[in-house]
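If you count the sequence shown from 1, position 66 lands on 62 in our numbering, and the numbers rise without skipping. The structure appears right after this line, and notes come after that.
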Amino acid sequence: MDVFVEQLVKRKNGASDFLISGGIIVLGVVVAAAGLLIPAVAPFEVILAAGIIYGAYYLISSRNLEYEYSTTNGDFTVDKIINRRRRKRVCQLDLHSVEEMGKYQAEAMKNRPFDRRLNVGADAAGTGAWYLIVRIPQLGNTLLIFSPNERVLNAVKPFLPRQVSIHAFSRN
């Protein structure tokens, strides 16, 4: 019987997201004001203002992220959904090749060397998140930080190597 489970996780906006949004707005105001001071651009100020407003809206709304985790018979996929208008594959891995899994603790992982760190959890700090360490051919030795619910964890568990499964789920 095929096992298919998926979960959508909305990324919470942090302080950096609000700073970036504020910076975009300030930059838009500065560019619009500069356009008023340049005589050659002044006749096109309405078009310039419309372009600046649309560009600011597009950039700010692009900070609205969701991640979709899906597992199908040992294949685990993470997609990034940007403002519900664009989807991008973050990674795809075989759960049989997972080297380590458990509850994420930032201090324990801080000094460990990884080729790639993918934080696809509900927040940037990794609060309440889980981690996977796996070798992905395109990315190398990868740390994947994610926020699964119980259904995803139960779907992942049977496909993990035995020692990884015992290590990950015996403490919880």
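By construction, the Cβ of each residue, glycine as well, lies at the ideal position given by its N, Cα and C atoms.
Query                                                                                                                                                                                      : Result
Under 8 Å by Cβ, that's how I've got I48 and A29 pegged, so tell me the actual separation to the nearest angstrom.                                                                         : With 8 Å as the limit, I48 and A29 do not qualify as a contact, their Cβ atoms being about 10 Å apart.
Alpha carbon to alpha carbon, how far is A45 from R147? Give it in angstroms, no decimals.                                                                                                 : 48 Å
When the Cα atoms are used, what is the spatial distance from F110 to Q101?                                                                                                                : 15 Å
State yes or no: is the C-beta of V5 within less than 7 Å of the C-beta of A118?                                                                                                           : yes
Please go through the same chain and pick out, in chain order, the residues whose beta-carbon is closer than 8 Å to the beta-carbon of L32, but skip the five residues on each side of it. : A38, E41
Whole angstroms is fine: what's the gap from Y65's alpha carbon to A151's?                                                                                                                 : 11 Å
In chain order, which beta strand (DSSP E) runs of at least 3 residues are fully inside the stretch 86 to 159?                                                                             : 94 to 99, 112 to 115, 126 to 132, 136 to 142
Tell me, which residues are paired with R82 by DSSP?                                                                                                                                       : I78
For W126 versus K99, is the C-beta distance shorter than 7 Å?                                                                                                                              : yes
Along the chain, which unbroken stretches of the beta strand (DSSP E) at least 3 residues long are found entirely within the stretch 10 to 83?                                             : 61 to 68, 71 to 78
Rounded to the nearest angstrom, how far is the Cβ of I132 from that of L89, given a contact under 8 Å?                                                                                    : 6 Å
Please name the residue, chosen from E96, T73, D(-2), that lies closest to K84 on a Cα-to-Cα basis.                                                                                        : T73
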